[in-house]
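J.: Letter by letter, the sequence shown follows residues 1056 to 1313 of my numbering.
One structure follows; several queries about it will come next.
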Amino acid sequence: MSDLVQVSREGRLAVVTINNPPVNALNKQVMDALENAFDMLAGDPDLGAVIVTGGGDKAFVAGADIKEFLALDSAGGEKLSRRGQLIFQRIADCPVPVIAAVNGYALGGGLELALACDIRVIAENAKVGVPEVSLAVLPGYGGTQRLPRTIAPGRAREMIFTGDPIDAAEAYRIGLADRLVPAGEALAAARDIAARILKRGPVAVRLAKEAVNRGLEQTLEEGLKTEAALWGRLCDTEDLKEGAGAFLEKRPPVFKGK
């Protein structure tokens, strides 16, 4: 694994740390390493949750490497954007919950990365935004699509069209952040959420994420059918029998992920 993207395992939890000082910019090497990391993690049947964070206290990810923009023409720009979108989609499609621990600036590609995660924990000293229009480009790694799907579309338009960042308290108020924590505690809070997820039925968590993700792209009727089909699959698992049995016997369940 690249030193730019470090993956540590703590049992069924993986912590992915972007380590490209001073601001963890998403240059080509970092994006390649992120892709490789999530390709590896997605194929791990023992994985239960992932945390994505930035190395150091200054930045989660403060955007892309602007120097790479200067050599681009229209075809190259479209290729760069599409590649970033596909890598972030791999993160969104990771079969287990992915938690962003935003420990500093999350700007441009950094916010787009956080938006590709399932849950966002943000420290009080963080600032987030999509400032691309100030460079005469637009958010190209999914920001124009995921941000209006996460917060009120009008508020998303304001952030995208002005490029102005917002502070952590505002991000929490508008639903862009799911948890607001004191400075320095984002990773610890993300670990707490992950620990609670890891106590639940592993197959159920994976299929619950699949139900949510598929349902968001379907009509309500289609989504309900998806939910019912996945519920049915769980009825054939050992974990369901263990979970129900443990509840009736008033004891902690011991799930096997089967």
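All residues carry an ideal CB built from backbone N, CA and C; glycine is no exception.
Being a predicted model, the structure only gives us computed values, none of them experimental.
Starting from VAL1176 and walking both ways along the alpha helix (DSSP H), at which residues does that stretch end?
T.: First-last for VAL1176: 1174-1178, but that is the beta strand (DSSP E), not the alpha helix (DSSP H).
J.: Which residue comes first and which comes last in the alpha helix (DSSP H) that contains ILE1146?
T.: Looking at the DSSP string, the run of the alpha helix (DSSP H) that includes ILE1146 is 1129-1147.
J.: Three Cβ pairs or more, each shorter than 8 angstroms: is that satisfied between the stretch 1228-1236 and the stretch 1289-1299?
T.: Taking 8 angstroms as the limit for Cβ pairs, the verdict is that the stretch 1289-1299 does not touch the stretch 1228-1236.
J.: For the candidate residues LYS1305, ALA1088 and PHE1302, whose alpha-carbon lies nearest to that of PRO1139?
T.: Reading the sequence as shown, one finds Gly at residue 1139 and not Pro. Minimum Cα distance to GLY1139 is reached at ALA1088.
J.: Could you say which of PRO1203, GLY1312 and ALA1161 lies nearest to ILE1221 if we only look at CA atoms?
T.: Residue ALA1161 is the option with its Cα nearest to ILE1221.
J.: Go to GLN1084, then tell me how far its alpha helix (DSSP H) extends in each direction, as first and last residue.
T.: Element bounds for GLN1084: 1083-1097.
J.: Could you give the first and the last residue of the continuous alpha helix (DSSP H) run that contains PHE1216?
T.: Here the alpha helix (DSSP H) through PHE1216 covers 1208-1217.
J.: Can you give me the C-alpha to C-alpha distance between GLN1144 and LYS1305, rounded to a whole angstrom?
T.: So the alpha carbons of these two residues sit roughly 40 angstroms apart.
J.: Counting along the chain, where does the beta strand (DSSP E) carrying GLY1184 start and finish?
T.: Start and end: 1182-1184.
J.: Taking the alpha-carbon of GLU1090 as reference, which of VAL1078, CYS1149 and GLY1109 has the nearest alpha-carbon?
T.: The shortest Cα separation from GLU1090 among VAL1078, CYS1149 and GLY1109 belongs to CYS1149.
J.: Quickly, what does DSSP pair SER1063 with across the bridge? List them, please.
T.: According to DSSP, which records beta bridges pairwise, SER1063 is partnered with VAL1070.
J.: Hey, quick one: how far does the alpha helix (DSSP H) through THR1199 stretch, first residue to last?
T.: 1198-1205 is the extent of the alpha helix (DSSP H) around THR1199.
J.: Determine the extent of the alpha helix (DSSP H) in which ILE1106 is found, giving its start and end residues.
T.: No alpha helix (DSSP H) holds ILE1106; the beta strand (DSSP E) holding it covers 1104-1109.
J.: Look up ILE1154 in the DSSP assignment and give the residues it is bridged to.
T.: ILE1154 pairs with ILE1106 and ILE1174.
J.: Examine the Cβ distances between the stretch 1268-1284 and the stretch 1188-1195 and report whether three or more of them are shorter than 8 angstroms.
T.: Judged by Cβ distances under 8 angstroms, the stretch 1268-1284 makes no contact with the stretch 1188-1195, as fewer than three pairs qualify.
J.: In the DSSP assignment, what residue or residues form a beta bridge with VAL1192?
T.: Beta-bridge pairing links VAL1192 to no other residue.
J.: Take THR1199 as the anchor and find which of ALA1171, VAL1176 and GLU1225 has the nearest alpha-carbon.
T.: Ranking ALA1171, VAL1176 and GLU1225 by Cα distance to THR1199 puts ALA1171 first.
J.: Could you pull the start and end residues of the beta strand (DSSP E) that PHE1115 belongs to?
T.: 1114-1117 is the span of the beta strand (DSSP E), which, as asked, contains PHE1115.
J.: Buried or exposed: ALA1169, going by 16 or more other Cβ atoms within 10 Å of its Cβ?
T.: Flag for ALA1169 reads buried.
J.: Counting only the same chain and skipping the five closest in sequence on each side, list residues whose C-beta sits under 6 angstroms from that of PHE1115.
T.: GLY1109, VAL1157, ASN1158, GLY1159, ALA1161 and GLY1165.
J.: Should LEU1068 and ALA1249 be called a contact, given that it needs their Cβ atoms to be closer than 8 angstroms?
T.: Closer than 8 angstroms, so yes.
J.: In three-state DSSP terms, what is VAL1258?
T.: DSSP places VAL1258 in helix when its eight states are reduced to three.
J.: I'd like to check one pair, ALA1207 with ILE1177: are the Cβ atoms closer than 8 angstroms?
T.: No, they are not a contact pair.
J.: Does the stretch 1252-1260 come into contact with the stretch 1294-1302, if we say contact requires no fewer than three beta-carbon pairs (one atom in each stretch) closer than 8 angstroms?
T.: Yes: at least three Cβ pairs fall under 8 angstroms.
J.: Any idea which residues DSSP pairs ASP1222 with across the strands?
T.: Its beta-bridge partners are LYS1182.
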